[in-house]
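Residue numbers (the numbering used here): 1072 to 1152.
Written as structure tokens, this is what we have:
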């Protein structure tokens, strides 16, 4: 799913699709954990309760970057089908 970054005052924000909100039951005011992976330019968002389960090793992101470089054309073609 592709979401655009939007300007909210002096900050940037991503909106959460209603279909995801309906499935998770999230509501305004809920606190979420945001795990940042600058190397892969990734954010992983979860509830505080599930944050410990999402600790990903830097090796995983290194491996993912190698796969993305090697198969980037095939990945792009599949994404646009």
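Ideal placement from N, C-alpha and C gives every residue a C-beta, glycine not left out.
Once DSSP output is grouped into helix, strand and coil, what is the label at residue i?
i: residue 1087; result: coil
i: residue 1092; result: helix
i: residue 1115; result: strand
i: residue 1137; result: helix
Looking at the secondary structure, which residues open and close the alpha helix (DSSP H) in which residue i lies?
i: residue 1121; result: 1119 to 1122
Got a sec, what are the start and stop residues for the beta strand (DSSP E) residue i sits in?
i: residue 1151; result: Note, residue 1151: premise wrong, no beta strand (DSSP E); not H, not E.
i: residue 1108; result: 1103 to 1108
DSSP beta-bridge partners for residue i?
i: residue 1078; result: 1083
Thinking C-alpha only, which one of the options is nearest residue i?
i: residue 1138; options: 1116, 1121 and 1111; result: 1111
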